[in-house]
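Colleague:
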Amino acid sequence: MTSQGQSLNSTLNDNCQVNFRATLLSINSCLGDQDVERLKFLCRDSITSKNLEKCGSALDIFEYLLAEECMTEEDPFFLAELLYTIKQKVLLRHLRYTKEQVENWLPVRRKVSLFRNLLYDLSEDISSENLKSMIFLLRESIPKVQMVSWQEEQAQSNGDRATPVSVEMLGSSVDTLTSETSTKETAVYRMNRKHRGYCVVVNNHSFTSLSKRRGTNKDAECLRRVFQWLGFSVNIYVNVTKGRLEEVLQYFQTHPGHADGDCFVFCVLTHGKFGAVYSSDGSLIPIRQIMSHFTAQKCPALAHKPKLFFIQACQGEEIQPSVSIEADAVNPEHVPPSLQDSVPVEADFLLGLATVPGYVSFRHVEEGSWYIQSLYNHLKDLVPRQEDILSILTAVNDDVSRQADKHGTKKQMPQPAFTLRKKVVFPVPQEELLL
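Residues 1 to 435 (full-length UniProt numbering) make up the sequence shown, in order.
1. Are the CB atoms of Arg214 and Asp262 nearer to each other than 8 Å?
2. Name, in chain order, the residues that DSSP records as bridge partners for Ser233.
3. Check the C-beta distance from Leu39 over to Ile86 and give it rounded, since I have them as a contact under 8 Å.
4. Does the beta carbon of Leu119 fall short of 7 Å from some heavy atom of the ligand MN?
5. Would you say the stretch 208-222 touches the stretch 257-275, given that touching needs at least three Cβ pairs under 8 Å?
6. What number of angstroms, rounded off, separates the C-alpha of Arg93 from the C-alpha of Asp219?
7. Are three or more beta carbon pairs between the stretch 227-241 and the stretch 300-310 nearer than 8 Å?
8. With a CB to CB cut of under 6 Å and the five nearest residues on each side skipped, what residues in its chain are close to Pro416?
9. For Pro384, name the three-state secondary structure that DSSP assigns.
10. Using the beta-carbon count (16 or more within 10 Å), is Glu81 buried or exposed?
11. Residue range of the alpha helix (DSSP H) that Lys50 falls in?
12. Measuring only the C-alpha atoms, how far is Leu118 from Val112?
13. Where does the unbroken alpha helix (DSSP H) through Gln312 begin, and where does it stop?
14. For Leu284, which beta-bridge partners are listed by DSSP?
15. Find out if the Cβ-Cβ distance for the pair Lys422, Tyr189 is shorter than 8 Å.
16. I need the straight-line Cα distance from Lys298 to Leu350, nearest angstrom please.
17. Residue range of the beta strand (DSSP E) that Val268 falls in?
18. Taking the alpha-carbon positions, what's the Gln289 to Arg244 distance?
19. Cutting at 6 Å between CB atoms, please list the residues of its own chain near Ile372, excluding the five before and the five after it.
20. Beta-carbon separation of Phe62 and Trp105 under 8 Å?
21. Any idea if Val265 is buried or exposed, counting beta-carbon neighbours within 10 angstroms, 16 or more meaning buried?
22. With respect to the alpha helix (DSSP H) encompassing Phe252, which residues constitute its N-terminal and C-terminal limits?
23. Within its chain, find whatever has a CB closer than 8 Å to the CB of Asn28; leave out the 5 residues flanking it on each side and keep chain order.
24. Quick one: residues in its chain with C-beta nearer than 7 Å to the C-beta of Leu91, no 5 flanking neighbours on either side, listed in chain order?
25. Would you kindly work out how many angstroms separate the C-alpha atoms of Phe310 and Ser374, rounded to a whole number?
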């Protein structure tokens, strides 16, 4: 691109940013002091209390939301949600949303928790007399300085309603009363960009020198269905040679679409051995080599985003017995490498293996593999309950560990390894995944 073209693009981007800030300025001018207090309460889970105390206007709140990437010029839905909640629906037109559009998107894109929404609705119905009763009951639980501030503000209020003081009080009292009995909820990876991301499935059925993997197509189809249901763009590659795999890895390593995606998923269905997987032409490729294409250095667009890898492949030749054994190692002469050795030494990776290093994994010739079928079923059942991915994989471990062959002699135990910094919680799809 010429320097003139780059300058033009830069100017257009600057103009878009100015226009968006002008939009925020227009919205701010339509909001009063009580609206600001309502926004503060609804943003308690997105902006720190210290920063919220500094906010004297809606513009101050908008600045923090922009800094935290809770909303962007390209995706201002969080602000639309806030305006909808505080009943300033007429302002949605500034963001090019309608009331109906916000209502349709809320079930899958909501940022304000249902519990905080409930508290907000309750606060809107608290009368002045009820607020006085609450202050009396909570006198020993709320800091004295804050209690006096509320009393002074309420004394200056001439109306029967307690807002905005009741909004602040409900939020602060709940925070205070629960802080001693619960730990801070783990942060969750952002899942509200333009699209969920890409899911790659490498499905090797036929090999030049290894046996065919009957039943693998059932696994590939299940992965396609469940990840499409979760909002991913799914790409399936069949009988992939070493050279073709490198092409696929390079393609997705440099894919421009990652910039607008939330997450990346890479699944491999093939034969394997000790921390590596086989290509269709019989080459053994280390799992770490595959994952290393997506580090922050090699794939900056996926930095700080979860990268999930699921491997359905044997990791050795041993069979897990259905009875206890005494030896700690599979084979005293050969201790298999640690699964953690396959994971890049940086944050935001998860590796889910069908079996622990050194052992085989099992696949039904018609129904697919134990591991992938369990992963499919548990994603389908537990994502609607808003379970995070590690909790889902724990349930998969339990399910697969209980399975055995028809003779009851062959068992399998999956194993995850991860460097995730936050919880991976997929938004609940609007439509049910049908069998």
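C-beta: ideal position from N, C-alpha, C; glycine also.
Modeller: Straight from the coordinates:
1. As a position in the sequence shown, residue 214 is number 214, starting the count at 1. As a position in the sequence shown, residue 262 is number 262, starting the count at 1. Contact: no.
2. One-based indexing of the sequence shown puts residue 233 at position 233. Partner(s): Tyr198.
3. To locate residue 39, count along the sequence shown from 1; it is residue 39. To locate residue 86, count along the sequence shown from 1; it is residue 86. Right, the Cβ-Cβ distance comes to about 7 Å (below 8 Å), so this counts as a contact.
4. Here there are no bound small molecules, and the ligand MN is not part of this structure.
5. Contact between the stretch 208-222 and the stretch 257-275 is present: 3 or more CB-CB pairs across the two stretches fall below 8 Å.
6. The residue labelled residue 93 in the question sits at position 93 within the sequence shown. The residue labelled residue 219 in the question sits at position 219 within the sequence shown. Each residue's alpha carbon lies about 45 Å from the other.
7. In short, these stretches do not touch, since the Cβ pair count stays below three.
8. Indexing the sequence shown from 1 puts residue 416 at position 416. Within the same chain, Gly352, Leu393 come within 6 Å of Pro416 by CB-CB distance, once the 5 residues on both sides are set aside.
9. In the sequence shown, residue 384 corresponds to position 384, counting from 1. In this structure, DSSP gives Pro384 a helical state, which the three-state scheme calls helix.
10. Along the sequence shown, read from residue 1 onward, the residue named residue 81 stands at position 81. That one is buried.
11. In the sequence shown, the residue the question calls residue 50 occupies position 50. Bounds of the alpha helix (DSSP H) holding Lys50 are 49-54.
12. By 1-based counting over the sequence shown, the position of residue 118 is 118. By 1-based counting over the sequence shown, the position of residue 112 is 112. If I take the Cα positions, the gap works out to 10 Å.
13. In the sequence shown, residue 312 corresponds to position 312, counting from 1. Judged by DSSP secondary structure, Gln312 falls outside any alpha helix (DSSP H) and instead within the beta strand (DSSP E) spanning 307-312.
14. If you number the sequence shown from 1, residue 284 lands on position 284. For Leu284, which the question treats as bridged, DSSP gives the partners Tyr278.
15. By one-based count along the sequence shown, residue 422 stands at place 422. By one-based count along the sequence shown, residue 189 stands at place 189. For Lys422 and Tyr189, yes; Cβs fall inside 8 Å.
16. Here residue 298 refers to the residue found at position 298 of the sequence shown. Here residue 350 refers to the residue found at position 350 of the sequence shown. Cα to Cα, the separation comes out at about 17 Å.
17. Numbered from 1 along the sequence shown, position 268 holds the residue referred to as residue 268. 261-269 is the span of the beta strand (DSSP E), which, as asked, contains Val268.
18. Taking the first residue of the sequence shown as 1, we reach residue 289 at position 289. Taking the first residue of the sequence shown as 1, we reach residue 244 at position 244. Roughly 15 Å separates the two Cα atoms.
19. Here residue 372 corresponds to residue number 372 of the sequence shown, with the count starting at 1. Within the same chain, Ile372 has close Cβ partners Asp219, Gln312.
20. For the purposes of this step, residue 62 is taken as the residue at position 62 of the sequence shown. For the purposes of this step, residue 105 is taken as the residue at position 105 of the sequence shown. Their beta carbons are not under 8 Å apart, which means Phe62 does not touch Trp105 by this criterion.
21. Counted from its first residue, the sequence shown places residue 265 at position 265. Burial call: buried.
22. Mapped onto the sequence shown, residue 252 falls at position 252. Where Phe252 is concerned, the enclosing alpha helix (DSSP H) stretches over 242-253.
23. On the sequence shown, residue 28 is found 28 positions in, with the first residue counted as 1. If we look at Asn28 and ignore the five residues flanking it on each side, its Cβ neighbours are Ser57, Ala58, Leu59, Phe62.
24. By 1-based counting over the sequence shown, the position of residue 91 is 91. Cβ neighbours of Leu91 beyond the five flanking positions: Ile27, Cys30, Leu83.
25. Counted from its first residue, the sequence shown places residue 310 at position 310. Counted from its first residue, the sequence shown places residue 374 at position 374. If you take the alpha carbons of Phe310 and Ser374, they lie about 12 Å apart.
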